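Residue numbers (the numbering used here): -4 to 642.
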């Protein structure tokens, strides 16, 4: 009998599969140091996400192979110690050869005649010259334990003759595959300017994606292996923080709606309800609006033990409390355009002025069905706030490890807003993209896509056997912004200053908006200071992007040059007197040496007239003069990200 409960009695392996089914690596500018990406939902925090020189570490995606019996149960991990394993991966970056990102093409707003067309990027590059737009070094193969070296690097792809390093393969001590991405380098082929949040002529970056496959033999017998995929994404600047709706949540809903997965038979408070509430509260560390709404001691403190005990009780006296919580979440048919309902996150059709209910996001249909069950009192009251989370995959029974790896990799990615997104964008939610739940459908080798037309319509994007079916190296990342820094630096909060300077927001769980600085943290936890001084320090939040030039579009170029200097939101101990939470999340290891105003660039002033360079300077000056905010707290200019439709 296995030491882990539930170990299958039949341990004969008939097939194998790579997990996670979608692995996620991230770029970083550290030349040598990296860390392994999350393998459980709540991994132990790292001591540091920067190397000794202050550079940002890369996140590696680690892949494992599991053997399955005839009943489909995982019975063993296959490593170099018990199998002959050979890995192959193929990274590519085809952004510059693909279409512009303007808006998600699978939403009704994409049909609006005022929506900008999705034209080919670098449209003036024609014929055979377009091959220079794709960075494709080909596949790399590796086997054995502890392997690394130049022969495993994806460094032979070029962009207009310039070699671009996309990453490399390694193996760990057990022969598991490690995929590392690029160093975050972005540049133009010539002297092209950065002007747009997603589409910049002549530019490239070094994010990528592609298939991961393996051949396996045990006792000389070949075993079929289900393949995987790897996505190399931008950095995660707030590793302990999760989005309200994760990429796993989104894909689970997609598979339930397609019939590939069953809707849960029961609603569990701890599995289906508590995470949504906890994640909204967790955004207090990366957005001032969420801190005021859901933070420590504030009005919507849903995470307090006594509140949670009432929420987790099916008793009739708490039914109205449950109902009010559910009613607080957005319903597009009821209050879609309003920024007031939860969660306060922008949606796929965000634009100024708002034209659509999809201006803000709503939870998935599956999430809302589960919440409705909960509101009706039909749920498992399984609240357990004292349960210690499993901090490493080795703490999980082997039979559960594959599903845990799949979920963890996607839980630490965002689903909202696909405008275009952090790690991936809107095609990922289509069931046609998959050969099985969470497992990307690979395009057959030797069967390339047809040459692209000059523009991509929603009809062509969604056509049968179109780009949302079999995928090739670079097919997921090609829909994203080029370079990624232009979009990351544009993902702020409070674009409509008439409503709120902090809300709604785009992606604070990956790209923070407002943060608790180390200076204020030290004041807050100093029990010798006056309580009022400590409370004021705890309540203060600095603009995370304060070192960028507070003028569009120069801030985007600043991000290209300095992305590795920004602080990472890390976990620190709270004060022993209980004045604040037991753990605080703090902006740490900032690499900038100059001293800037903590609220510099905090308030976004979108100036549509500044799109015309001839009048931009006057228009921006007038907008700053008319703003109620202090000039040093304003970033003003034309923000291409938020004007998706002609006025």
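Glycine included, every Cβ here is placed at the ideal spot set by N, Cα and C.
Source: prediction; values computed, not measured.
Legend entry - In chain order, each alpha helix (DSSP H) run of at least 4 residues that lies wholly inside the segment 434 to 485: The qualifying runs are 453 to 456 and 479 to 483.
Inset, instruction - Could you check how far apart the C-beta atoms of residue 284 and residue 174 are, in whole angstroms? I think they sit under 8 Å. - result: Between residue 174 and residue 284 the Cβ distance is about 36 Å, and since that is not below 8 Å, they are no contact.
Legend entry - Beta-carbon contacts of residue 512 that lie in its chain and below 6 Å, excluding the five residues immediately before and after: Scanning its chain for C-beta atoms nearer than 6 Å, with the 5 sequence neighbours on each side dropped, one finds around residue 512 the residues 537 and 582, in chain order.
Inset, instruction - Can you give me the Cβ contacts of residue 593 inside the same chain, cut-off strictly under 6 Å, excluding the 5 residues immediately before and after it? - result: Result list for residue 593: 537, in chain order.
Inset, instruction - Check whether the Cβ atoms of residue 491 and residue 334 sit closer than 9 Å, and answer yes or no. - result: Their beta carbons are under 9 Å apart, which means residue 491 touches residue 334 by this criterion.
Legend entry - Cα-Cα separation between residue 28 and residue 587, rounded to whole angstroms: Those two C-alpha atoms are separated by around 20 Å.
Inset, instruction - Using the Cα positions of residue 308 and residue 263, report the straight-line distance between them to the nearest angstrom. - result: Here the alpha carbon of residue 308 sits roughly 12 Å from the alpha carbon of residue 263.
Legend entry - Whether residue 35 touches residue 432 by CB criterion (9 Å): Contact flag unset, no.
Inset, instruction - Could you spell out where the beta strand (DSSP E) holding residue 570 opens and where it closes? - result: Segment: none, residue 570 is in no beta strand (DSSP E) and carries neither H nor E.
Inset, instruction - Using 10 angstroms around the beta-carbon of residue 460, count the other beta-carbons present and answer buried if the total reaches 16, otherwise exposed. - result: Under this definition residue 460 is an exposed residue.
Legend entry - Proximity below 9 Å, CB of residue 14 to CB of residue 397: The beta carbons of residue 14 and residue 397 sit closer together than 9 Å.
Legend entry - C-beta atoms of residue 302 and residue 377 nearer than 9 Å: With contacts defined as CB atoms closer than 9 Å, residue 302 and residue 377 fail to qualify as a contacting pair.
Legend entry - Continuous alpha helix (DSSP H) assignments of at least 4 residues falling wholly in the segment 401 to 435: Listed in chain order, the alpha helix (DSSP H) elements of length 4 or more contained wholly in the segment 401 to 435 amount to none.
Legend entry - Simplified DSSP assignment, three categories, for residue 530: In this structure, residue 530 counts as helix in the three-state DSSP scheme.
Inset, instruction - Starting from the C-beta of residue 152, find all residues in its chain whose C-beta is less than 6 Å away, skip the five residues before and the five after it, and write them out in chain order. - result: So the qualifying residues of the chain are 130, 131, 132 and 159.
Legend entry - CB contact flag (residue 510, residue 564, <9 Å): Taking 9 Å as the cut-off, the Cβ atoms of residue 510 and residue 564 count as close.
Inset, instruction - Would you tell me roughly how many angstroms separate the C-alpha atoms of residue 601 and residue 379, rounded to the nearest one? - result: One alpha carbon belongs to residue 601, the other to residue 379, and they sit about 46 Å apart.
Inset, instruction - Assign residue 488 to buried or exposed, taking buried as 16 or more other Cβ atoms, counted over all protein chains shown, within 10 Å of its Cβ. - result: It is buried - the Cβ of residue 488 has at least 16 other Cβ atoms within 10 Å.
Legend entry - Secondary structure of residue 546, DSSP reduced to three states: Residue state for residue 546 is assigned as strand, using DSSP reduced to three classes.
Inset, instruction - Alpha carbon to alpha carbon, how far is residue 316 from residue 31? Give it in angstroms, no decimals. - result: CA-to-CA, the gap between residue 31 and residue 316 works out to about 41 Å.
Legend entry - Outcome for residue 118 when other beta-carbon atoms lying within 10 angstroms are tallied against a minimum of 16: So residue 118 ends up on the exposed side.
Legend entry - Cβ pair count under 8 Å reaching 3, the segment 291 to 300 against the segment 269 to 278: Contact between the segment 291 to 300 and the segment 269 to 278 is present, because at least three Cβ pairs lie under 8 Å.
Legend entry - Chain-order list of residues whose beta-carbon lies under 8 Å from that of residue 560 (same chain, five-residue window excluded): Here the set comprises 49, 542, 585, 586 and 587.
Inset, instruction - Alpha carbon to alpha carbon, how far is residue 176 from residue 52? Give it in angstroms, no decimals. - result: Note on geometry: alpha-carbon atoms of residue 52 and residue 176 lie some 11 Å from one another.
Inset, instruction - Determine the direct distance from the alpha carbon of residue 424 to that of residue 466, and round the result to whole angstroms. - result: Spanning the two alpha carbons is a distance of roughly 14 Å.
Legend entry - Residue interval of the alpha helix (DSSP H) (run including residue 321): Residues 314 to 322.
Legend entry - Cβ pair residue 223, residue 161 closer than 9 Å: Residue 223 places its beta carbon 9 Å or farther from that of residue 161.
Inset, instruction - Determine, using beta carbons only, whether residue 239 and residue 281 come nearer to each other than 9 Å. - result: The answer is no: Cβ separation not under 9 Å.
Inset, instruction - With a threshold of 16 other CB atoms inside 10 Å of the CB of residue 636, please say whether the residue is buried or exposed. - result: Residue 636 counts as buried, since at least 16 other C-beta atoms from the protein chains shown sit within 10 angstroms of its C-beta.
Inset, instruction - Compare the C-alpha of residue 61 against each of 210, 569, 619 and 305 and name the closest. - result: Ranking 210, 569, 619 and 305 by Cα distance to residue 61 puts 210 first.
Inset, instruction - Tell whether a beta-carbon distance below 9 Å holds between residue 403 and residue 40. - result: No, Cβ-Cβ distance for residue 403 and residue 40 is not below 9 Å.
Inset, instruction - Give a yes or no on whether the C-beta atoms belonging to residue 503 and residue 199 are separated by under 9 Å. - result: No, the Cβ-Cβ distance between residue 503 and residue 199 is not below 9 Å.
Legend entry - Neighbourhood of residue 429 by C-beta distance below 7 Å, restricted to the same chain and skipping five residues each side: Residues 435 and 436 of the same chain have their beta carbon placed closer than 7 Å to that of residue 429, with the five preceding and five following residues left out of the count.
Inset, instruction - Below 8 Å on the Cβ atoms is my guess for residue 353 versus residue 344; work out the distance and round it to an integer in Å. - result: The beta carbons of residue 353 and residue 344 sit about 4 Å from each other, so the pair counts as a contact at 8 Å.
Inset, instruction - Please determine if the segment 184 to 200 and the segment 134 to 150 are in contact, where contact requires at least 3 C-beta pairs separated by less than 8 Å. - result: Contact between the segment 184 to 200 and the segment 134 to 150 is absent, because fewer than three Cβ pairs lie under 8 Å.
Inset, instruction - State buried or exposed for residue 219, treating a residue as buried only when at least 16 other CB atoms are found within 10 Å of its CB. - result: Classification of residue 219: exposed, given that the 10 Å Cβ count is below 16.
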